[in-house]
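Enquirer: Start counting at 1 in the sequence shown, then tack on 87, and there's your number in our numbering. Just so you know, even glycine gets a beta-carbon here, dropped at the ideal spot from N, CA and C. Computed from a predicted structure; not experimentally measured.
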Amino acid sequence: MASITVVSEALELTTTAEAIAHEARVGLTASPKTLSPWLFYDEAGSHLFEEITDLPEYYLTRTERSIFAAHADEILREAARGQGPAGKLTLIELGAGTATKTGILLAEAVRQQGSVVYQPVDVSETALAEATENILRNIPDVTVRCQVADYTREGLPLDRLRNTRTLALYIGSSIGNFTPEDARGVLRNLRAQLLPGDTLLLGTDLCPGNHKSVAMLLAAYDDAAGTTAAFNLNVLTRLNRDLGADFDTENFRHKVLWNSAESRIEMHLESVVAQSVSVPASNGAAALTVDFAQGETIHTENSYKFTPAAVDMLLASASFKATRSWQDPQHLFAVTLATAV
């Protein structure tokens with residue numbers, strides 16, 4: 088019988104409001120201007136991202152899902168093998184969202200071990216509620232213990248169960264949103280809370296090459312329907328709502344480019360006119376006026392792309408040893424299982 092527990096005290100409302108205000112002031116006064124991608128994921132942004140994952144141009148989600156569908160049995164059996172406590176796997180997922188792909192792994196875990204405890208961690212309570220509803224409706228014998236928290240800034244609320252080994256999921260190429268230094272920090276934070284023999288399943292989008300063109304990459308982040316553009320612009324709508332700012336979204340456009348030197352896709356919001364934006368005083372901080380020149384951008388997201396060797400090096404830098412990797416037939420995407428050492 089599936090069940091759910093929600094733990095939300097890790098991310099209090101006042102803390103969120105303060106974090107948004109701090110991020111806006113620091114990022115918008117920087118040169119060049121930036122905003123952190125975690126600001127995307129309010130309720131509207133979370134729904135827009137789910138729409139993005141179903142777009143024909145956005146190959147990442149369906150490709151990773153196909154890898155899980157083809158190899159879930161091997162992935163779960165490999166994770167259960169090796170050192171560490173005997174018994175069942177417990178799954179914890181960083182940045183779980185609505186967990187649509189994770190259901191494939193959870194169903195396989197139930198098939199192999201009879202039941203499973205699943206601990207999704209996300210900043211969006213809305214996304215976790217949708218994930219829980221979907222899992223409880225479709226997969227019996229899963230116990231869901233939601234954790235509303237920002238795993239990039241806080242210690243992970245890992246609930247270690249007796250006689251279990253933890254399989255941590257960090258899928259969807261989310262690690263690609265961080266700079267190499269910050270990516271190492273996220274994985275080291277995770278590793279510090281795992282035991283030797285616990286495992287990590289890491290999803291990474293692969294670099295352009297024989298099977299993937301730069302044009303294919305750019306299209307994935309600049310779809311014909313304009314959904315990704317709406318997702319990007321929604322961050323300004325959030326600042327208007329949460330901080331009382333007066334961004335006119337009609338005065339900005341979604342811009343995407345491939346930075347080959349850094350091996351990353353970049354998303355920006357480009358000011359199409361010279362303009363000034365006001366951010367009222369809040370949380371003890373003074374009111375702020377932000378000036379934009381025509382053509383000036385706010386850098387909102389990076390999405391780093393990896394070679395298999397780069398994935399192995401990243402994992403090793405955080406005290407994980409890559410043990411096995413699976414790719415789709417076109418070599419667009421990889422999921423790598425690594426053991427905590």
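Who pairs with residue 292 in a beta bridge, going by DSSP?
Expert: The partner list for residue 292 (beta bridge, DSSP) reads 420.
Enquirer: Rounded to a whole number of angstroms, what is the C-alpha to C-alpha distance between residue 283 and residue 251?
Expert: Near 12 Å, if we compare the C-alpha coordinates of residue 251 and residue 283.
Enquirer: Would you call the stretch 226 to 236 in contact with the stretch 185 to 205, where contact means no fewer than 3 C-beta pairs closer than 8 Å?
Expert: With a cut-off of 8 Å, the stretch 185 to 205 and the stretch 226 to 236 count as touching, because enough Cβ pairs lie within range.
Enquirer: Can you tell which of 124, 155 and 389 has the C-alpha that lies nearest to the C-alpha of residue 412?
Expert: The residue with the shortest Cα to Cα distance from residue 412 is 155.
Enquirer: Skipping 5 residues on each side, what residues in its chain have a beta carbon closer than 6 Å to that of residue 90?
Expert: Note that residue 90 scores 39 on pLDDT, short of 50, meaning its location in the model is unreliable; the coordinates nonetheless yield the value given after this. 230.
Enquirer: Could you pull out every residue in the same chain whose Cβ sits closer than 8 Å to the Cβ of residue 171, ignoring the five residues on either side in sequence?
Expert: Bear in mind that the predicted position of residue 171 carries a pLDDT of just 49, short of 50, making it too unreliable to give a figure here.
Enquirer: Beta strand (DSSP E) containing residue 379: first to last residue?
Expert: 375 to 379 is the span of the beta strand (DSSP E), which, as asked, contains residue 379.
Enquirer: Give the list of continuous alpha helix (DSSP H) stretches no shorter than 4 residues that lie fully inside the stretch 299 to 364.
Expert: Complete alpha helix (DSSP H) runs here, min 4: 301 to 307 and 314 to 330.
Enquirer: Does DSSP put residue 126 in a helix, a strand or coil?
Expert: Here residue 126 sits in helix by DSSP.
Enquirer: Identify which residue in 315, 353, 408 and 355 has its Cα closest to the Cα of residue 131.
Expert: Considering only alpha carbons, the answer is 315.
Enquirer: With a CB to CB cut of under 7 Å and the five nearest residues on each side skipped, what residues in its chain are close to residue 351?
Expert: Same-chain partners within the cutoff: 389, 390, 391 and 392.
Enquirer: Quick check: what's the CA-CA separation for residue 234 versus residue 220?
Expert: Straight-line Cα distance between these residues: approximately 15 Å.
Enquirer: Take residue 121 and list the residues in its own chain whose beta-carbon comes closer than 7 Å to its own, dropping the five residues that flank it on each side.
Expert: These residues qualify, in order along the chain: 114, 385 and 386.
Enquirer: Could you compute how far the alpha carbon of residue 111 sits from the alpha carbon of residue 335?
Expert: For residue 111 and residue 335, the distance between alpha carbons rounds to 16 Å.
Enquirer: Is residue 366 buried or exposed, if buried means 16 or more other CB atoms sit within 10 Å of its CB?
Expert: Flag for residue 366 reads buried.
Enquirer: Throw me the rounded Cβ distance for the residue 163 and residue 307 pair, which I believe falls under 8 Å.
Expert: Not really, about 29 Å apart at Cβ, beyond 8 Å.
Enquirer: On the DSSP letters alone, give me the boundaries of the alpha helix (DSSP H) that residue 160 sits inside.
Expert: Here the alpha helix (DSSP H) through residue 160 covers 146 to 167.
Enquirer: Are there 16 or more other CB atoms within 10 angstroms of the CB of residue 346, so buried, or fewer, so exposed?
Expert: By the neighbour-count rule (16 or more Cβ atoms within 10 Å), residue 346 is not buried but exposed.
Enquirer: Return yes when the Cβ of residue 206 is within less than 8 Å of the Cβ of residue 187, no when it is not.
Expert: No, these two residues do not count as a Cβ contact at 8 Å.
Enquirer: Can you tell me which of 415, 239 and 142 puts its alpha carbon nearest to the alpha carbon of residue 153?
Expert: For residue 153, the nearest C-alpha among the options comes from 415.
Enquirer: Closest to residue 288 by C-alpha separation, out of 136, 150, 404 and 181, would be which residue?
Expert: The option with the nearest alpha carbon to residue 288 is 181.
Enquirer: Cutting at 7 Å between CB atoms, please list the residues of its own chain near residue 108, excluding the five before and the five after it.
Expert: Result list for residue 108: 330, 369, 370 and 372, in chain order.
Enquirer: Any idea what DSSP makes of residue 285, helix, strand or coil?
Expert: In the structure shown, residue 285 sits in coil (DSSP, three-state: anything other than H, G, I, E or B).
Enquirer: Taking its Cβ as the centre, do 16 or more other Cβ atoms sit within 10 Å of residue 263, making it buried, or is it exposed?
Expert: It is buried - the Cβ of residue 263 has at least 16 other Cβ atoms within 10 Å.
Enquirer: What residue does the alpha helix (DSSP H) around residue 267 start on, and which one ends it?
Expert: Run containing residue 267: 267 to 278, per the alpha helix (DSSP H) assignment.
Enquirer: Residue 200 bridges to which residues according to DSSP?
Expert: Residue 200 pairs with nothing; no bridge assigned.
Enquirer: Using DSSP bridges, identify the partner residues of residue 390.
Expert: Paired residues: 352.
Enquirer: Classify residue 96 as buried or exposed, calling it buried when 16 or more other Cβ atoms lie within 10 Å of its own Cβ.
Expert: Legend: pLDDT at residue 96 = 39, less than 50; position of this residue unreliable, value from coordinates given subsequently. Residue 96 comes out exposed.
Enquirer: Compare the Cα-Cα distances from residue 150 to each of 380, 422 and 327 and report the closest residue.
Expert: Per the Cα distances, 422.
Enquirer: Going by the beta-carbon positions, is the gap between residue 135 and residue 325 smaller than 8 Å?
Expert: In this structure, residue 325 does not lie closer than 8 Å to residue 135 by Cβ.
Enquirer: Grab me the residues of residue 274's own chain with a C-beta within less than 6 Å of its C-beta, minus the 5 sequence neighbours each way, in chain order.
Expert: Taken in chain order, the residues that qualify are 405.
Enquirer: With a threshold of 16 other CB atoms inside 10 Å of the CB of residue 299, please say whether the residue is buried or exposed.
Expert: The residue in question, residue 299, is buried, as its Cβ has 16 or more Cβ neighbours within 10 Å.
Enquirer: Counting only the same chain and skipping the five closest in sequence on each side, list residues whose C-beta sits under 6 Å from that of residue 360.
Expert: If we look at residue 360 and ignore the five residues flanking it on each side, its Cβ neighbours are 338 and 381.
Enquirer: If you follow the alpha helix (DSSP H) that residue 219 is part of, which residue opens it and which one closes it?
Expert: Note, residue 219: alpha helix (DSSP H), 212 to 225.
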